[in-house]
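Chemist: Questions regarding the structure given below will be posed in turn.
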Amino acid sequence: MITAAQMRDKFAVVTGASTGIGAALAERLAASGMHLVLVARSAGKLDEAAARLSRQHGVTVRAVALDLADADAPARLAKTLADEGIEVEILVNNAGVSTRGPVLDGDPARFRAMIDLNVTALTELTTLLMPAMVARGHGAVVNVASTGGYLPAPHLAVYSATKAYVVSLTQALWAETRSTGVRVVVVSPGPTKTPMNPRGTRSAEAVAATVVRALAGTGPAVVDGRLNALTAFLFGRVLPRRLSLAVARRVLARGDV
Numbered sequence: 001m002i003t004a005a006q007m008r009d010k011f012a013v014v015t016g017a018s019t020g021i022g023a024a025l026a027e028r029l030a031a032s033g034m035h036l037v038l039v040a041r042s043a044g045k046l047d048e049a050a051a052r053l054s055r056q057h058g059v060t061v062r063a064v065a066l067d068l069a070d071a072d073a074p075a076r077l078a079k080t081l082a083d084e085g086i087e088v089e090i091l092v093n094n095a096g097v098s099t100r101g102p103v104l105d106g107d108p109a110r111f112r113a114m115i116d117l118n119v120t121a122l123t124e125l126t127t128l129l130m131p132a133m134v135a136r137g138h139g140a141v142v143n144v145a146s147t148g149g150y151l152p153a154p155h156l157a158v159y160s161a162t163k164a165y166v167v168s169l170t171q172a173l174w175a176e177t178r179s180t181g182v183r184v185v186v187v188s189p190g191p192t193k194t195p196m197n198p199r200g201t202r203s204a205e206a207v208a209a210t211v212v213r214a215l216a217g218t219g220p221a222v223v224d225g226r227l228n229a230l231t232a233f234l235f236g237r238v239l240p241r242r243l244s245l246a247v248a249r250r251v252l253a254r255g256d257v
């Protein structure tokens with residue numbers, strides 16, 4: 001677990017930090033006294049957020065404008081952190097994209113870009129930054145997945161597959177490293193109101209609060225919100241797969257979430 005004392009005056013790296021869950025989480029971590037490295041594609045939004053958080057909370061905030069879907073981006077970020085002497089206490093792999101519609105109607109290039117960001121960049125950043133935490137005997141890696149990671153989601157098929165990877169990877173990594181002193185956890189939100197999903201029903205701030213609570217926990221996986229947790233359990237483990245897929249297909253085809 002990560003205590004409040006461990007967070008104060010330490011650095012957290014938050015990807016996908018310009019909007020949505022990432023921005024809300026950056027706000028909470030800064031309020032707890034953490035210094036931040038904010039990573040996203042939008043330089044303007046990042047610079048504005050960095051200036052505001054630094055002014056309001058008296059912490060150091062570094063903005064790094066980077067498209068993590070680029071093949072060399074994770075290594076470039078790790079080098080920037082090393083060159084600036086930033087010791088990362090918490091890594092939050094939050095950056096992600098989705099695309100809606102039947103798989104066979106989709107653009108293969110967009111699918112590749114989604115996999116590069118949601119899967120490859122997350123994996124590379126974890127393997128680049130976590131070894132130093134293990135060597136120190138403290139730190140945390142939080143991977144943000146989705147309730148879609150617990151059930152194949154028709155019309156969000158590639159997205160849900162990437163999130164299933166994140167759920168599986170994180171829990172396996174938790175088992176491999178649980179005696180090292182480093183906290184590893186996957187947090188899976190349900191439909192969250194963000195620029196990527198304006199129809200979401202849960203606020204980004206509520207999800208950010210769940211992430212902070214997850215840091216203080218010990219288990220490998222947390223689903224945000226009681227209803228989302230129940231839905232993930234029922235559709236992922238209890239209901240016959242044919243039934244759960246039929247319901248998911250109908251709901252997602254309507255675009256209700």
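Residue 237 in the working numbering sits at position 237 of the sequence shown, and the numbers go up by one each step.
Beta carbons are placed, not taken as given, at the ideal position from N, Cα and C, and that holds for glycine.
(1) Answer with buried or exposed for V238, where buried requires no fewer than 16 other C-beta atoms within 10 angstroms of its C-beta.
(2) Once you ignore the five residues that flank L117 on each side, which residues in its own chain have a CB closer than 7 Å to its CB?
(3) Between which two residues does the beta strand (DSSP E) harbouring L91 extend?
(4) Does the contact criterion of 3 or more C-beta pairs under 8 Å hold for the region 136–144 versus the region 226–235?
(5) Inspect the beta-carbon positions of V39 and V64 and report whether they are closer than 8 Å.
(6) DSSP has A63 in a bridge; who is on the other side?
(7) Would you mind working out which of S32, L36, L252 sits nearest G200, comparing C-alpha positions?
(8) M7 to T19, Cα distance in whole Å?
(9) My output table needs one value for V184: the three-state DSSP class, helix, strand or coil.
(10) According to the Cβ coordinates, are T170 and G137 closer than 8 Å?
(11) My understanding is that V61 touches L81, with C-beta atoms under 8 Å, so please give their C-beta distance in whole angstroms.
(12) Go ahead and pull the three-state DSSP assignment for A69.
(13) Do A221 and V167 come within 8 Å of each other at the CB atom, strictly closer than that value?
(14) So for T194, helix, strand or coil by DSSP?
(15) DSSP state of A221, grouped into three classes?
(16) Using 8 Å as the Cβ pair cut-off and three pairs as the minimum, do the region 114–128 and the region 155–165 touch?
(17) Expressed to the nearest angstrom, what Euclidean distance is found between the alpha-carbon atoms of P240 and P152?
(18) So, helix, strand or coil for A145, using DSSP?
Modeler: The short version:
(1) Here residue 238 is taken as the residue at index 238 of the sequence shown, counted from 1. Label assigned to V238: exposed.
(2) If you number the sequence shown from 1, residue 117 lands on position 117. Closer than 7 Å at the Cβ level, and outside the excluded window around L117, lie L68, A69, A95, G96, V97.
(3) If you number the sequence shown from 1, residue 91 lands on position 91. For L91, the uninterrupted beta strand (DSSP E) run begins and ends at 88–93, by DSSP.
(4) no
(5) Along the sequence shown, read from residue 1 onward, the residue named residue 39 stands at position 39. Along the sequence shown, read from residue 1 onward, the residue named residue 64 stands at position 64. Yes; because the gap between Cβ atoms is below 8 Å, this pair is in contact.
(6) For the purposes of this step, residue 63 is taken as residue 63 along the sequence shown, with counting starting at 1. DSSP output for A63 lists L38 as bridge partner(s).
(7) For the purposes of this step, residue 200 is taken as the residue at position 200 of the sequence shown. Comparing Cα-Cα distances from G200 to each of S32, L36, L252, the minimum goes to L252.
(8) Sequence index remark: in the sequence shown, residue 7 carries index 7 (1-based). Sequence index remark: in the sequence shown, residue 19 carries index 19 (1-based). C-alpha separation (whole angstroms): 22 Å.
(9) By one-based count along the sequence shown, residue 184 stands at place 184. Reduced to three states, the DSSP call for V184 is strand.
(10) Here residue 170 corresponds to residue number 170 of the sequence shown, with the count starting at 1. Here residue 137 corresponds to residue number 137 of the sequence shown, with the count starting at 1. Not closer than 8 Å, so no.
(11) Your numbering for residue 61 matches position 61 in the sequence shown. Your numbering for residue 81 matches position 81 in the sequence shown. Contact flag wrong, Cβ pair sits at about 14 Å.
(12) Along the sequence shown, one-based indexing puts residue 69 at 69. Note: A69 maps to coil in three-state DSSP.
(13) Position 167 of the sequence shown, counting from 1, holds the residue named residue 167. Position 221 of the sequence shown, counting from 1, holds the residue named residue 221. It is a contact, given that the beta carbons lie within the stated cut-off.
(14) Here residue 194 corresponds to residue number 194 of the sequence shown, with the count starting at 1. Strand, per DSSP.
(15) Against the sequence shown, residue 221 aligns to sequence position 221. In this structure, A221 counts as strand in the three-state DSSP scheme.
(16) yes
(17) As a position in the sequence shown, residue 240 is number 240, starting the count at 1. As a position in the sequence shown, residue 152 is number 152, starting the count at 1. Approximately 13 Å, taken between the alpha carbons.
(18) Indexing the sequence shown from 1 puts residue 145 at position 145. The answer is coil: DSSP assigns A145 none of H, G, I, E or B.
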